[in-house]
Structure formats: C-alpha cells, structure tokens
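> Numbering follows the numbering used here, with no gaps: position 375 of the sequence shown is 385.
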Amino acid sequence: MSRGDSTAEIIARNQAHLASTYARADVAFVRGAGTELWDADGRRYLDFFSSILCTNLGHCHPAVTEAIREQAGKLVHLSNLHHSLPQSRLAELLTATSFGERVFLCNSGAEANEAAIKAARRYGHARGGRFEILTALGSFHGRTMATIAATGQEKVRQGFEPGLPGFRYVPFGDAASAEAAVGPDTVAILVEPVQGEGGVIPPPPGYLAALRELCDRRDLLLLLDEIQTGCGRTGTLYAYEHEGVAPDVMTLAKSLGNGLPVGAMVAGPRAASALDLGAHGSTFGGNCVTNAAAVATLEVLTDGRTLPRAARAAKRLWAGLRDVAAAHEDLGEVRGRGLLVGIPTSSPERAGAIYANALERGLLVNVAGAGVLRIAPPLTVTDSEIDEGVDLLRQAISS
11 MSRGDSTAEI
21 IARNQAHLAS
31 TYARADVAFV
41 RGAGTELWDA
51 DGRRYLDFFS
61 SILCTNLGHC
71 HPAVTEAIRE
81 QAGKLVHLSN
91 LHHSLPQSRL
101 AELLTATSFG
111 ERVFLCNSGA
121 EANEAAIKAA
131 RRYGHARGGR
141 FEILTALGSF
151 HGRTMATIAA
161 TGQEKVRQGF
171 EPGLPGFRYV
181 PFGDAASAEA
191 AVGPDTVAIL
201 VEPVQGEGGV
211 IPPPPGYLAA
221 LRELCDRRDL
231 LLLLDEIQTG
241 CGRTGTLYAY
251 EHEGVAPDVM
261 TLAKSLGNGL
271 PVGAMVAGPR
281 AASALDLGAH
291 GSTFGGNCVT
301 NAAAVATLEV
311 LTDGRTLPRA
321 ARAAKRLWAG
331 LRDVAAAHED
341 LGEVRGRGLL
351 VGIPTSSPER
361 AGAIYANALE
371 RGLLVNVAGA
381 GVLRIAPPLT
391 VTDSEIDEGV
401 DLLRQAISS
C-alpha cells in the first residue's frame, strides 16, 4: 500500500475535499471479488447491498472485467454522431430480451428516467398537449430537477422548490386511486415494480396489470422504473415479467453495467417514435466501454444458469431472514421479491443501530424507507456466504 492510503487517510482526504452530500460510513474499500470487499487496512466484508444494487453479478465478475479490458484497448469513446459496435450489440440485446423496439442509451438511472419523462411529454404533445405524469407516494426516481419532481417523497424535494410542474402523486399499489386521478392533461403513469428507496415495498398482485388496462383504455403510457428491480434482481430478467404485462417504457441502470455508469430507456411500439431526431441526447450515453460491460452483463444474466441459481439463493436467504425476524418482536415480516429483501424494524433508530452493528461485524446492509433494513446480495452469492451473512445479521440484531 502506498503512503497516504490507509483507511483513516483516505477518509481524511475525502472529508477535506468532497462535497458533503453523503453520510458515509467510516470505511474505505480498495478491492472486491464477488460478494466480498476488503478495506484499505485489509479487513474483509460481505457486501449484502451490492453497492446500492449496482453489482448484481458481484464485484469484478470475470466476464465483465474481460469485456472492459478488451474494449478499453480498442476504443474508449465515440461520438453519437457515428455508429459503434458496443452500442449496437447492447441495443439489440435489450430489445431481444424485452418488449422494446427502440433504446436510448445514457449514463445513469436519473438520466434514463429523464428520457422517459421527455418521451411521455413528446407523446402527449402530439395528443393535444397532455403533459401530466402520475407517480406513486413513496417512490424514488432520481436526483435531477425532473426526477425529484417525479419522486413521491417530500424530503427529497425539500429545498429545491419550485419543482417542475406536471406530476401528481397517488398511493402505491392502488390502481383505483390512479384511475381516479387521471385528468384531461394526464399522459402517463410512472411506477416502480417494487419500491426500493421507499422501503422495499412490493405491490399487491394484479397492480401492474390493472395499470396496464387503465393506460390502454385512457391512451396513457405506462412507464416502469426498473433501475433497482431490473437485471435479474427480483428473479426474472425484468420485474414486469412477474405479472405478464409489458410497459410502454422501461428504465434501467445500476446493475446494467455491473458497476459501470450506464443507463437505458427501452421503448415499446407506442412510445418508440416519441423521441425523434434532435429531441434528446447525451454526450457520453452509449460509451463504448460501459456498453461493452453491459453486453457482457446481459450475456451472463441470460446464460440459462445465473437466474436459476439466483432463485435458489433467494429461497435460502428468505428462509434464514424469516427465522431471524421471527425471533424479534420489533422486526416485521420479511418482504420484497427475489434478492431484493426488506425487513421492517420498529423505528429508523433501531434500523440504524442494526446497520452499524452489522458493519462492525463485516456485513454491509442498508436502511431504506422508515426504518426498513434493505438486503440485496449479488445474484452470484454462494450458499456459505448466505449462511454467514444471515448469522452476522442475527448477531447485529441481537447485540
């Protein structure tokens, strides 16, 4: 290790020079492999949060790492005024594995949602100027001005008023409330298949199907934010597959590049032409290296082995977490889908204490919503790692 690179020294530099926009834990990681991370002082941790659900295939997956190395030696970036091989491969894979016809490539989830919002407004502009989008209370769609306006959490919007007009919030999981809210200016409904930042909240069965029927009947676009739920996280490649209904637009990011910054807006037949020539752009969207990583990620996710293995891992994890939760009166029922799991606690303070205790023991989890433990190990997590992680969490809860 070079001079000045201990955990304490890295933290000191960050505190001196980085914007104070994150509540960072007092740990500095320098290496990762699969579910494991090592800090600058050589201590090992289990990552049961997948770096905010960005490394669904684990840290430094060999296929993704090799794709990055190979592409970086050929061509790193190319203007979107020209065609590139990695873009073409990624767009082809995204449409072949989904409902989509067209793809807009970008760098993040917020950018993908921005593109979806713009596509909906262009769609409405051609239909009498409709512009309003219904979103769900408790939702989270990003940190740009448009996506915080779309987010159904007041704490996220606070301090940035006045917000972008054109959004109204309805209860999540309640299709009847969504229908009652549709007005003459409404053009789309934007929801997450499972709310992540809101507290790992799955909707009741039939919710997405009811929204699909409503959108078809009222000529609305159904926009699904799959930034957390996509890329195999819930057990299928895309979460909308659980209900057998397709949206008009799906947004992806986080694990699409298994840790590299890449996002995508995937549009079906009704929305595919909404963003036409000159309507939108992104300088680094479609970057050669990040797109090569995304191609490799999707190829692993669709290899016929990874998702079935992840489904078995999810069953083992849920069984262990249910045993842990059942032993503590201040913990609620385990909820979520696949390897996106939430455990409600009695308070945000209790959840924060468990998070801190877990970190002390070498386990990374997260707190979402109002005191919900969010647990999301990589899809590649092994049985022994699941057992170790559950045991560490049990200790953290009991201490």
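Here a beta-carbon is modelled for each residue, glycine too, at the ideal position from N, C-alpha and C. Note that this is a predicted model, so its numbers are computed, not measured.
Buried or exposed for residue 115, please, with buried defined as at least 16 other CB atoms from any protein chain shown within 10 angstroms of its CB.
Residue 115 comes out buried.
> Just the Cα atoms here: how many angstroms apart are residue 140 and residue 320?
So the alpha carbons of these two residues sit roughly 42 Å apart.
> Using 8 Å for Cβ pairs, my map puts residue 383 next to residue 56. What's the rounded Cβ distance?
No, residue 383 and residue 56 are not in contact; Cβ-Cβ is about 15 Å, not under 8 Å.
> Take the Cβ of residue 264 as the centre, count every other Cβ of all protein chains shown within 10 Å, and call the residue buried at 16 or more, exposed below.
Classification of residue 264: buried, given that the 10 Å Cβ count is 16 or more.
> Suppose the cutoff is 7 Å on Cβ atoms and the five residues either side in sequence are ignored; what does the same chain contact list for residue 185 look like?
Closer than 7 Å at the Cβ level, and outside the excluded window around residue 185, lie 217, 220, 221 and 224.
> Taking residue 19 as the reference, give the member of 49, 227, 239 and 101 with the closest Cα.
Checking every option, the nearest Cα to that of residue 19 belongs to 49.
> Check residue 238 in the structure and name its three-state DSSP category.
Three-state DSSP puts residue 238 in coil, outside helix and strand.
> Helix, strand or coil for residue 248, going by three-state DSSP, please let me know.
In the structure shown, residue 248 sits in coil (DSSP, three-state: anything other than H, G, I, E or B).
> Are the CB atoms of residue 247 and residue 317 within a distance shorter than 8 Å?
A contact, by the Cβ cut-off of 8 Å.
> So for residue 367, helix, strand or coil by DSSP?
DSSP places residue 367 in helix when its eight states are reduced to three.
> So residue 295 and residue 24 are supposed to be a Cβ contact under 8 Å. How far apart are they, rounded?
About 28 Å; that fails the 8 Å criterion.
> Note down, in chain order, each residue of its chain lying with its Cβ closer than 6 Å to the Cβ of residue 99, except the 5 sequence neighbours on either side.
Contacts found: 305.
> Which residues in the same chain have their Cβ closer than 7 Å to the Cβ of residue 195, if we skip the five residues on either side of it in sequence?
Contacts found: 140, 141 and 142.
> To test your reading of the DSSP string, which unbroken beta strand (DSSP E) runs of 3 or more residues are found completely within the segment 113–151?
Complete beta strand (DSSP E) runs here, min 3: 142–146.
> Assuming residue 129 contacts residue 284 under a Cβ cut-off of 8 Å, what Cβ separation, rounded to an integer in Å, is found between them?
Confirmed, Cβ separation roughly 4 Å.
> What's the C-alpha gap between residue 64 and residue 188?
Each residue's alpha carbon lies about 31 Å from the other.
> Considering Cα atoms alone, identify which of 237, 228, 34 and 408 is closest to residue 350.
The candidate whose alpha carbon is nearest that of residue 350 is 237.
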